[in-house]
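Asker: Numbering (this note's numbering), first residue to last: -3 to 349. Before we start, here is the structure in question, set down as structure tokens.
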Amino acid sequence: MVFKQMQPSGFEQVVFCQDERVGLKALISIHSSVLGPATGGCRMWNYASEEEALTDVLRLSEGMTYKAAMAGLNWGGGKAVIIGDAKTQKTPALLKRFGEYVDRLGGHYITAKDVGIGADDLRQVKHSTRHVLGIEGEAGSSGDPSPATAWGVYNGMQSAAQVAFQARSLKGLKIALQGLGSVSYYLLDYLVKEGAQVIGCDIDPAMVDRAVKKFGIEIVQPDQIYDVKCDIFSPSALGSSVNAKTLPRIQSKVIAGGANNQLATPEEGYEIMRRGMVYAPDYVINGGGLINIYYEDPARGGYSRARAFEHVARIGQTVFEVLERSKSENTPAQLVADRMAQERIEKKRKNLV
Ligand code: NAD
């Protein structure tokens, strides 16, 4: 049953971790370690079933392989999930035990934060393993990933503009920004400085207030953001905001933003193409945070913001290549990105054997 699920996408390894004494039930999935150690956060979630947890860890670890490959990192894709309620079942003993399982993999899997696991939790994990990155506040840490993510989104947005409007500059463009949280806050700084006209929304009034006070942007109600006449629609809140209901309402030529899993289904990718729109694939344009953490790895000589941000800027070139190839192959950009990631992995695999 598990092999059946692992086989189609070529998963390398799944580790089942259990210790009843501390209440640990966890899964570590290594989708690919061809490019380097499988890296990806640990999620703690109250899954309805073990099958659901397995499906989630497989899906997430595969996504990390593609993201790391397109970010140009020598990292593979991995992920861990701990089954349980992060509010009531998380204990230092459980986290330390999880760390022991990570450690047994000898650096083949590197863990980090995800939903339900924060910096303090990672400190507990670190008692048992050094194969953990992204502990904000620790010496040598790369800190909050949002500024790096925003820098990547900004560079990717410029490339999307170049493809759609034949000019990289965002000056004078109207941008509808959905969500005014951490990534958007840093992104706004670049957009406003460049002279873009931003119209934003958020379901949290405090986030709206902050953006208006600092950047003086125009605001619409969350549901109205899809109807704003604009050049770029930028999903930067939750996933699946581009779906069969919203896509016909989106009036922009470009979709480019920081959110994960922006398209509800692959069908939206085809529909975007039919409408003559340009879509910067989410996991390519929002890879800045991952790149930032990469430079925290002691294997690269310790964190340097300058080196990390220089690498993040290359997201612009990658987005450009994806979009050009999408046009010439008449294939949705998301699929082109998947192909490019697979090609990089295959190339490396061939050199290995
Ligand atoms: P965040 O929680 O700080 O911000 C998200 C904002 O979206 C919040 O202010 C929330 O109130 C708002 N929101 C939620 N639903 C909304 C809706 N229906 N309409 C309008 N606003 C809504 O998160 P973030 O760190 O800024 O991340 C934003 C997105 O980018 C997420 O999808 C995240 O997974 C993705 N992402 C973030 C990073 C990073 O470095 N932080 C990296 C990669 C991807």
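For every residue, glycine included, the Cβ atom is placed at its ideal position computed from N, Cα and C. Every value quoted in this text rests on a predicted model; they were computed, and no experiment measured them.
1. Going by C-alpha distance, which of GLU339, TYR182 and SER322 is nearest VAL332?
2. What span of residues does the alpha helix (DSSP H) with MET40 cover, start to end?
3. Using a threshold of 8 Å, state whether the C-beta atoms of GLN120 and LYS75 are closer than that.
4. Identify, in the order they occur along the chain, each residue of the same chain with its Cβ nearer than 6 Å to the Cβ of MET153, setting aside the five sequence neighbours on each side.
5. Going by C-alpha to C-alpha distance, which of SER29, ASP15, ALA44 and ARG55 sits closest to GLN1?
6. Using the DSSP secondary-structure output, state which residues sit across from ASP15 in a beta bridge.
7. For VAL216 versus VAL224, is the C-beta distance shorter than 8 Å?
8. GLY74 by DSSP, collapsed to three states: which one?
9. Rounding to the nearest angstrom, what Cα-Cα distance links SER178 and PRO141 in this structure?
10. Figure out for me which residue from ARG310, GLY136, LEU286 and LEU187 has the closest Cα to the Cα of GLY298.
11. So LEU372 and VAL11 are in contact, right, with Cβ under 8 Å, and what is the actual spacing, rounded?
12. Given 8 Å as the limit, is there contact between the region 190 to 205 and the region 166 to 175, that is, 3 or more CB pairs closer than that?
13. Looking at the unbroken beta strand (DSSP E) that takes in VAL194, where does it start and where does it end?
14. With THR210 as the anchor, note down where its alpha helix (DSSP H) starts and where it stops.
15. Considering SER230, what are the terminal residues of the alpha helix (DSSP H) in which it resides?
16. Does the distance between the C-beta of CYS38 and the nearest non-hydrogen atom of the ligand NAD fall short of 7 Å?
17. From GLY284 to ALA157, what does the alpha carbon distance come to, in whole angstroms?
18. Report the start-end ranges of each alpha helix (DSSP H) in the region 91 to 137 that is 4 residues or longer and not cut off at the edges.
19. Mind checking ILE308: buried by the 16 CB within 10 Å criterion, or exposed?
20. Is it the case that the Cβ atoms of MET40 and ALA108 are separated by a distance below 8 Å?
21. Report back the beta-carbon spacing between GLY37 and ILE113 to the nearest angstrom; my notes put them in contact at under 8 Å.
22. Taking all protein chains shown into account, decide if HIS127 is buried (16 or more other Cβ within 10 angstroms of its Cβ) or exposed.
23. Do ASN256 and ASP227 have their C-beta atoms closer together than 8 Å?
24. Starting from the Cα of HIS27, find the closest Cα among PRO4, THR261, GLU47 and GLY175 and give me that residue.
25. The ligand NAD heavy atoms versus the CB of LEU184: any closer than 7 Å?
26. Please indicate yes or no: does the CB of GLY179 lie closer than 7 Å to some heavy atom of the ligand NAD?
27. For the candidate residues VAL18, LEU101 and THR84, whose alpha-carbon lies nearest to that of GLN9?
28. For VAL159, collect the residues of the same chain with a Cβ closer than 6 Å to its Cβ; drop the 5 residues on either side in sequence, then sort them by chain order.
29. Can you give the beta carbon distance from GLN220 to PRO262, rounded, assuming they're within the 8 Å contact cut?
30. Roughly how many whole angstroms lie between the Cα atoms of LEU118 and ILE289?
31. Return helix, strand or coil for GLN247, following the three-state DSSP convention.
32. Go ahead and label GLY382 buried or exposed: buried means 16 or more other beta carbons lie within 10 angstroms of its beta carbon, across all protein chains shown.
33. Return the chain-ordered list of same chain residues with a C-beta closer than 7 Å to the C-beta of ALA89, the five sequence neighbours on each side being excluded.
34. Evaluate THR145 with the Cβ neighbour count: other Cβ atoms within 10 Å of its Cβ, from every protein chain shown; 16 or more gives buried, anything less gives exposed.
35. On the criterion of 16 or more Cβ atoms from any shown chain inside 10 Å, does ASN326 qualify as buried, or is it exposed?
Answerer: Result, derived from the coordinates:
1. In the sequence shown, the residue the question calls residue 332 occupies position 336. Nearest option by C-alpha distance: SER322.
2. Along the sequence shown, one-based indexing puts residue 40 at 44. From DSSP, MET40 is part of no alpha helix (DSSP H) but of the beta strand (DSSP E) over 38 to 41.
3. On the sequence shown, position 124 is the one that residue 120 refers to. On the sequence shown, position 79 is the one that residue 75 refers to. Contact: no.
4. On the sequence shown, residue 153 is found 157 positions in, with the first residue counted as 1. Taken in chain order, the residues that qualify are ALA252.
5. Translated into the one-based positions of the sequence shown, residue 1 becomes position 5. Residue ARG55 is the option with its Cα nearest to GLN1.
6. Here residue 15 corresponds to residue number 19 of the sequence shown, with the count starting at 1. Paired residue(s): LEU20.
7. What you label residue 216 is simply residue 220 of the sequence shown in a count that begins at 1. What you label residue 224 is simply residue 228 of the sequence shown in a count that begins at 1. Yes, Cβ-Cβ distance for VAL216 and VAL224 is below 8 Å.
8. Against the sequence shown, residue 74 aligns to sequence position 78. Reduced to three states, the DSSP call for GLY74 is strand.
9. Your numbering for residue 178 matches position 182 in the sequence shown. Your numbering for residue 141 matches position 145 in the sequence shown. The alpha-carbon atoms of SER178 and PRO141 are separated by roughly 9 Å.
10. Residue mapping note: residue 298 aligns to position 302 of the sequence shown, counting from 1. Here the closest residue by C-alpha is GLY136.
11. Limits of the chain in this structure are -3 at one end and 349 at the other, which puts residue 372 out of reach.
12. yes
13. Position 198 of the sequence shown holds residue 194. From DSSP, the beta strand (DSSP E) with VAL194 extends over 193 to 197.
14. Indexing the sequence shown from 1 puts residue 210 at position 214. One point to set straight first is that residue 210 is Lys, not Thr, in the sequence displayed. From DSSP, the alpha helix (DSSP H) with LYS210 extends over 201 to 211.
15. Here residue 230 refers to the residue found at position 234 when the sequence shown is read from its first residue. Careful: SER230 lies outside any alpha helix (DSSP H), inside the beta strand (DSSP E) at 228 to 231.
16. Looking up residue 38 in the sequence shown gives position 42. Between the ligand NAD and CYS38, a heavy atom-to-CB distance of less than 7 Å is absent.
17. Against the sequence shown, residue 284 aligns to sequence position 288. Against the sequence shown, residue 157 aligns to sequence position 161. About 19 Å.
18. 115 to 121
19. Within the sequence shown, the letter at position 312 stands for residue 308. In the sequence as presented, Ile is not what sits at residue 308; that position holds Val. Flag for VAL308 reads buried.
20. Counting from 1 along the sequence shown, the entry for residue 40 is found at position 44. Counting from 1 along the sequence shown, the entry for residue 108 is found at position 112. Result no, Cβ atoms of MET40 and ALA108 do not sit closer than 8 Å.
21. For the purposes of this step, residue 37 is taken as residue 41 along the sequence shown, with counting starting at 1. For the purposes of this step, residue 113 is taken as residue 117 along the sequence shown, with counting starting at 1. Between ILE113 and GLY37 the Cβ distance is about 7 Å, and since that is below 8 Å, they are a contact.
22. What you label residue 127 is simply residue 131 of the sequence shown in a count that begins at 1. HIS127 is buried by the Cβ-count criterion.
23. Indexing the sequence shown from 1 puts residue 256 at position 260. Indexing the sequence shown from 1 puts residue 227 at position 231. No.
24. Counted from its first residue, the sequence shown places residue 27 at position 31. Looking at PRO4, THR261, GLU47 and GLY175, the one whose alpha-carbon comes closest to that of HIS27 is PRO4.
25. Here residue 184 refers to the residue found at position 188 of the sequence shown. Result no, Cβ not under 7 Å from the ligand NAD.
26. Within the sequence shown, residue 179 is the residue found at index 183, counting from 1. For the sequence presented, residue 179 should be read as Val rather than Gly. At least one heavy atom of the ligand NAD is nearer than 7 Å to the Cβ of VAL179, so yes.
27. Indexing the sequence shown from 1 puts residue 9 at position 13. The shortest Cα separation from GLN9 among VAL18, LEU101 and THR84 belongs to LEU101.
28. For this step, residue 159 is matched to residue 163 along the sequence shown. Result list for VAL159: VAL274 and LEU319, in chain order.
29. One-based indexing of the sequence shown puts residue 220 at position 224. One-based indexing of the sequence shown puts residue 262 at position 266. Their Cβ separation, rounded to whole angstroms, is 27 Å, which puts GLN220 and PRO262 out of contact at 8 Å.
30. As a working note, residue 118 is residue 122 in the sequence shown. As a working note, residue 289 is residue 293 in the sequence shown. Between LEU118 and ILE289, the C-alpha separation is close to 14 Å.
31. Working through the sequence shown from its first residue, we reach residue 247 at position 251. Here DSSP, grouped into helix, strand and coil, assigns GLN247 to coil.
32. In this structure the chain extends from -3 to 349, so residue 382 is not present and cannot be described.
33. In the sequence shown, the residue the question calls residue 89 occupies position 93. VAL18, listed in sequence order.
34. If you number the sequence shown from 1, residue 145 lands on position 149. So THR145 ends up on the buried side.
35. Residue 326 sits at position 330 when you count from the first residue of the sequence shown. Classification of ASN326: exposed, given that the 10 Å Cβ count is below 16.
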